[in-house]
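Worksheet for the structure shown next.
Protein chains: 2
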Amino acid sequence: MSSERASLVEEVLLKARELSTETVMFHTAIADQRGLSAVESKVCDYLARLGPLTPKDLTGYSGLAPASVTALVDRLEGKGLVRRLPHPADRRKVLIELDLATVAAAAPLWDHIVSSTVRLCERYTDEQLATVIEFLGEAAKLTHESAEMITGPLTG
Amino acid sequence: MSSERASLVEEVLLKARELSTETVMFHTAIADQRGLSAVESKVCDYLARLGPLTPKDLTGYSGLAPASVTALVDRLEGKGLVRRLPHPADRRKVLIELDLATVAAAAPLWDHIVSSTVRLCERYTDEQLATVIEFLGEAAKLTHESAEMITGPLTG
DNA sequence: GAAACTAATTCGTTCTGCCGAACTAAAGAG
DNA sequence: CTCTTTAGTTCGGCAGAACGAATTAGTTTC
Chain A
103 MSSERASLVE EVLLKARELS TETVMFHTAI ADQRGLSAVE SKVCDYLARL
153 GPLTPKDLTG YSGLAPASVT ALVDRLEGKG LVRRLPHPAD RRKVLIELDL
203 ATVAAAAPLW DHIVSSTVRL CERYTDEQLA TVIEFLGEAA KLTHESAEMI
253 TGPLTG
Chain B
103 MSSERASLVE EVLLKARELS TETVMFHTAI ADQRGLSAVE SKVCDYLARL
153 GPLTPKDLTG YSGLAPASVT ALVDRLEGKG LVRRLPHPAD RRKVLIELDL
203 ATVAAAAPLW DHIVSSTVRL CERYTDEQLA TVIEFLGEAA KLTHESAEMI
253 TGPLTG
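So the protein sequences, as listed, match chains A and B.
Under the numbering used here, think of the first position of the first sequence as 103, with each following residue one higher.
Under the numbering used here, think of the first position of the second sequence as 103, with each following residue one higher.
Here it is as structure tokens:
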């Protein structure tokens, strides 16, 4: 491998690290702004990705004790972010569902990042965008694996 | 703009969002594993990027009260992550410096993500990598701006 | 060199969030 | 039908971390 090539790879690592830092900052800023703790954001994220879940499920995803999940859901419900629904099949269970209206109300926080990303895309050809898409997708996969290797298979 | 083009851009947004989610998970996993809270990680990150800072500085970056920063530095010092140094020019001040050895000791947590990113790079031509690098760099910038727009210019 | 100001710390208090244990309600097993 | 198990909640207590106010030490201003 040429040294030019090596420094190209080095540069990818550097920029990836920078983006990663900024990403964390951004998510923290959004959570702070909405008055959500890290666990609360995490739980909302799982609900957004997986649909309604039971407190039991959230016990696993959040790493909290059952009592703590009850309190957490109470807090989210109080903020209007979430609703408790009776489980259709098992009357002991409860489904926690994201309030889509409330989530949508937070959309303005995303406006700038979305619109400037779209604008960024304009600079690239279709082929280049395809490359970027593939790279981002693979990076997401490998980041997921990396997180799992640290945490153990569950929480990720 | 063709609809094919539009769906390409949509795909960039989607993959970027996925990567962003995984990135947050990854950083959370690392912090948990090292027994660091979100603020503690944040402070360490600033120290890594900006070099030694005073508690006063950290007050601004962390958003904590002075008393809380003292306690936070105590905790980090207790974990061996950080050292208090006398400020060369002003004896009232203190410089908080990252302990590089301790930071280096955490490197194994990054091994997988780094090595698999390097492996991912092998799939691309030099030109493609240049495109990726540019995209990541711009994405980092725009993410930074977005965070600043939410938080206000300080904390980001 | 006295007065005003600034950096960091200490102290006591408060708040937040998590937990274990006990409890209620519902489902499943024998 | 009774016994056991499971889901979720309530309650009391506890620990970590944040804060304001007071304190100490050093710097700046006039």
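Cβ coordinates follow ideal geometry from the N, Cα and C atoms, glycine included.
Just so you know, these numbers come straight off a predicted model, no measurement behind them.
Nearest candidate by alpha-carbon position, reference residue i, set the options
i	options	result
A:Val111	B:His246, B:Pro157, B:Val126 and B:Ser217	B:Ser217
B:Val175	B:Ala191, B:Thr156 and B:Pro190	B:Thr156
A:Lys117	B:Gly254, B:Ala232, B:Ser248 and B:Thr253	B:Ala232
A:Lys158	A:Ser170, A:Asp147 and A:Lys181	A:Ser170
A:Leu202	A:Glu224, A:Ala150 and A:Ser248	A:Ala150
A:Val114	B:Ala191, B:Arg177, B:Arg185 and B:Cys223	B:Cys223
A:Leu152	A:Ala209, A:Leu200, A:Thr253 and A:Asp192	A:Leu200
A:Ala249	B:Thr204, B:Tyr226, B:Pro168 and B:Pro210	B:Pro210
A:Ser143	B:Arg225, B:Leu178 and B:Ala140	B:Ala140
A:Ala208	A:Gly137, A:Ala191, A:Val145 and A:Arg185	A:Gly137
B:Ile252	A:Ser109, A:His129, A:Ser105 and A:Ser104	A:His129
B:Leu178	B:Arg225, B:Val145 and B:Ser105	B:Val145
A:Tyr226	B:Arg225, B:Ala191 and B:Gln230	B:Gln230
A:Arg185	A:Thr219, A:Asp192 and A:Thr172	A:Thr172
heavy atom of the ligand FMN below 7 angstroms from residue i C-beta
i	result
A:Arg185	Within the structure as shown, the ligand FMN is missing, as the structure has no ligands at all.
8 angstroms contact criterion, which residue i and residue j should meet: CB distance rounded
i	j	result
B:Leu197	B:Pro154	4 angstroms
B:Lys181	B:His189	Incorrect: roughly 23 angstroms between the Cβ atoms, too far for contact.
B:Arg107	A:Asp228	7 angstroms
Residue i and residue j closer than 8 angstroms at C-beta
i	j	result
B:Val126	A:Val205	no
Pair every Cβ in the region 142 to 162 of chain B with every Cβ in the region 227 to 241 of chain B, then say whether three or more of these pairs are closer than 8 angstroms. no
Does the region 132 to 139 of chain B come close enough to the region 114 to 122 of chain B to have 3 or more Cβ pairs within less than 8 angstroms? no
I'd like to know if the region 242 to 257 of chain B and the region 212 to 227 of chain A are in contact, where contact means that at least 3 CB-CB pairs between them fall below 8 angstroms. They touch, by the three-pair rule.
Which full runs of the alpha helix (DSSP H) of 4+ residues lie inside the region 107 to 170 of chain A, going along the chain? 140 to 152 and 157 to 164
What residue ranges within the region 174 to 216 of chain B form continuous alpha helix (DSSP H) runs of no fewer than 4 residues, ordered along the chain? 202 to 207
Report the residue ranges of all alpha helix (DSSP H) runs contained in full by the region 215 to 256 of chain A; include only those spanning at least 4 residues, in chain order. 228 to 253
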